[in-house]
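*Asks:* Protein chains in written order, with my numbering: chain V, 100 to 419; chain X, 100 to 419.
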């Protein structure tokens, strides 16, 4: 007898949408037995958004629990090989596996030109539409449930960081308030929850009468290859997840910085300044078989630091 | 006291040169968790000759006991992505690892043009000379100790098979005969062994007086992607190792053949007609998690058949 109200409640409060990050490649510059080069999958409902696509990404997908065929959007940070050379192979394999759905590709200046070359390598034509767009710092891609903003990373070639942010969800439905107002239980509650006015007799009820304040969506920032930058601090304020370049440890800071990369300590300081929920360190140099020194120096600055490993999964939950 | 003659004998009979095949990628079309796409390393002394270089080959190298930096020559069979898309990443990583030695690249028509494009992808310039040559069926590359002949494979795009063959070694040195002839032991024996005439007093001795018949070098044939073809039978006669396309089993022969591929049974028939020493089946479709059906049908035709697996190593010994 307690089941019925619970069942009905499901209508008013749509079940939470799963957002999961799967690290497909966490190494920098070139691969190692432990780490493939960069690729990070963000799975939201049935869609995968891929950040960077280093060589071998399609095979990392095949070893992971995700299907590469579900990738709808790929965002490339920049055109160093460890970030994009997996594109032609993955697109070819999608074609061989009879993909029909279009694929959206985004990246910094030169993306359209480069992808045209990649799609024409050897004896091959993609069997599905590939839509390509050059972005610039400040570009915002506005989709139904979320936005992705591109911002300027601080690297030695044009490089974009990306901020994925879900749009606000409606506030919580106040069941008691709705009853008090005399709105009959049932389909009208669903309409109010989804933002529509409803009429009962000659009275009109608006959503704001029964809904709490809008609830923030989840925010995930991927920096691409970058020096520590105030732009990251600005963009990634209060993010749930910050995925930051952490190529090396502080003993080689000068060299790392000279090549446009951050140390783990520098990444952690940025995470602290952002008030990030959690920091994942990526683009780990293949010189580290054991990344413990990176983890240790990051945690001195920001306790909730994690060295991302290939195939690590992280579910991003709502703060409230 | 028994050491001295043995020491001297080493001069006359140079220690055998190791030739080893390491299968870096044995899958066809697209990778699977079990198999990467095509790449086969032939290590002879300190040099690696690479046949095909599918996406992810550099990482397969890093997991294998070989160093990708020792690769001196790469021979591409054809320009389907699973055979060449590992080239740009590997060349970029060689540069990042400070390679100075030149790299030789060979492939069918269009190779020079395509490699030019690959070397120009993104922000990159190779830091060492890359020498590229288009080959055609019948081309023979003549190196000091071996030759590599290209021949026409029977695929749906221009595709070359490759026959690696060591040059004949001098015949065995007949120690007794040399003594009978009165040639004093020592440096003269080495000269005769290496093909020079020697003079003792007023007598001239020629190598054929003390050497047995020339001994055959090792012969290894890689077919690339191909239908069963009489050209393979002709080229690969009496080879030590035949590495043959065996994409599928006979139950899907018509489809495999339609796409320019062989079944395991067809590959085994070719090995039998060639009188090959051993047959390795490669380009196994990702649809086979277990390749036992391929092995079984091949062994019905040719007992010494092996399904190549990633990282399998095979030392090629002299027949005599």
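Just so you know, even glycine gets a beta-carbon here, dropped at the ideal spot from N, CA and C.
(1) What first and last residue would you give for the beta strand (DSSP E) that runs through residue 248 of chain X?
(2) Among V:291, V:360, V:233, V:407, whose alpha-carbon lies nearest the alpha-carbon of residue 328 of chain V?
(3) Would you say residue 395 of chain V reaches chain X, if we count a Cβ-Cβ gap shorter than 7 angstroms as a contact?
(4) Which residues in the same chain have their Cβ closer than 8 angstroms to the Cβ of residue 192 of chain X, if we skip the five residues on either side of it in sequence?
(5) By the 10 Å Cβ neighbour count, where 16 or more other Cβ atoms means buried, how is residue 214 of chain X classified, buried or exposed?
(6) Cα-Cα, which of X:380, X:404, X:376, X:250 is closest to residue 234 of chain X?
(7) Rounded to the nearest angstrom, what separates residue 174 of chain V and residue 333 of chain X at their Cα positions?
(8) Tell me which residue opens and which closes the beta strand (DSSP E) that residue 240 of chain X is part of.
(9) Assign residue 285 of chain X to one of two classes, buried (16 or more other C-beta atoms within 10 Å of its C-beta) or exposed (fewer than that).
(10) Could you check the C-alpha separation between residue 138 of chain X and residue 124 of chain X for me, to the nearest Å?
(11) Between residue 44 of chain V and chain X, is any beta-carbon pair separated by less than 7 angstroms?
(12) Would you identify the three-state DSSP class for residue 216 of chain V, choosing helix, strand or coil?
(13) With H, G and I counted as helix, E and B as strand and the rest as coil, what does DSSP make of residue 111 of chain X?
(14) Within 10 Å of its beta-carbon, does residue 365 of chain V have 16 or more other beta-carbons around it, so buried, or fewer, so exposed?
(15) Within 10 angstroms of the Cβ of residue 281 of chain V, are there 16 or more other Cβ atoms? Answer buried if so, exposed if not.
(16) Just to make sure I have the definition right: I need the residues of chain X whose C-beta is within less than 7 angstroms of the C-beta of residue 191 of chain V. Which are they?
(17) Only counting runs of 3 or more residues, tell me where the beta strand (DSSP E) segments fall wholly within the segment 130-197 of chain V, in order along the chain.
(18) Starting from residue 406 of chain X and walking both ways along the beta strand (DSSP E), at which residues does that stretch end?
(19) Look at the alpha carbon of residue 418 of chain X and the alpha carbon of residue 171 of chain V, and state the distance between them as a whole number of angstroms.
(20) When you compare each of V:151, V:298, V:356 to residue 253 of chain V by their alpha carbons, which one comes out closest?
(21) Does the Cβ-Cβ distance between residue 230 of chain V and residue 203 of chain V come in under 7 angstroms?
(22) What does a CB cutoff of less than 6 angstroms around residue 414 of chain X pick up in its chain, not counting 5 residues either side in sequence?
(23) As a quick exercise: from V:117, V:345, V:127, V:133, pick the residue whose alpha carbon is nearest that of residue 410 of chain V.
(24) In the DSSP assignment, find the beta strand (DSSP E) that holds residue 262 of chain V and state where it starts and stops.
(25) With which residues is residue 119 of chain V paired in a DSSP beta bridge?
(26) Taking residue 354 of chain X as the reference, which of X:255, X:274, X:179, X:395 has the closest Cα?
(27) Whole angstroms are fine: how far does the CA of residue 382 of chain V sit from the CA of residue 399 of chain V?
(28) Residue 343 of chain V bridges to which residues according to DSSP?
(29) Within 7 angstroms of any Cβ in chain V, is that where the Cβ of residue 188 of chain X sits?
(30) Mind checking who residue 233 of chain V pairs with in its DSSP beta bridge?
(31) Using a Cβ cut-off of 7 angstroms, pull out every chain X residue sitting near residue 222 of chain V, in sequence order please.
(32) Helix, strand or coil for residue 278 of chain X? Go by DSSP, reduced to three states.
(33) Which residue wins for smallest C-alpha separation from residue 161 of chain V, given the options V:336, V:196, V:288, V:289?
(34) Quick one: residues in its chain with C-beta nearer than 6 angstroms to the C-beta of residue 401 of chain X, no 5 flanking neighbours on either side, listed in chain order?
(35) Tell me whether residue 256 of chain V sits in a helix, a strand or coil according to DSSP, three-state version.
(36) Give me the Cβ distance between residue 339 of chain V and residue 300 of chain V, rounded to the nearest whole Å; I'm assuming they're in contact under 8 angstroms.
*Replies:* Reading it off the structure:
(1) 245-251
(2) V:360
(3) no
(4) 157, 167
(5) buried
(6) X:250
(7) 50 angstroms
(8) 239-241
(9) exposed
(10) 5 angstroms
(11) Only positions 100 to 419 of chain V appear in the structure, and residue 44 of chain V is not among them; the question remains open.
(12) helix
(13) At residue 111 of chain X, the pLDDT of 36 sits below 50, so the modelled position is not reliable and the matter cannot be decided from this model.
(14) buried
(15) exposed
(16) 180
(17) 138-143, 146-150, 170-174
(18) 404-406
(19) 55 angstroms
(20) V:356
(21) yes
(22) 119
(23) V:133
(24) 259-265
(25) V:142, V:414
(26) X:255
(27) 20 angstroms
(28) V:380
(29) yes
(30) V:206
(31) 178, 179, 256
(32) helix
(33) V:196
(34) 367, 370, 371, 378
(35) coil
(36) Actually they are not in contact, since the Cβ atoms of residue 339 of chain V and residue 300 of chain V sit about 44 angstroms apart, beyond 8 angstroms.
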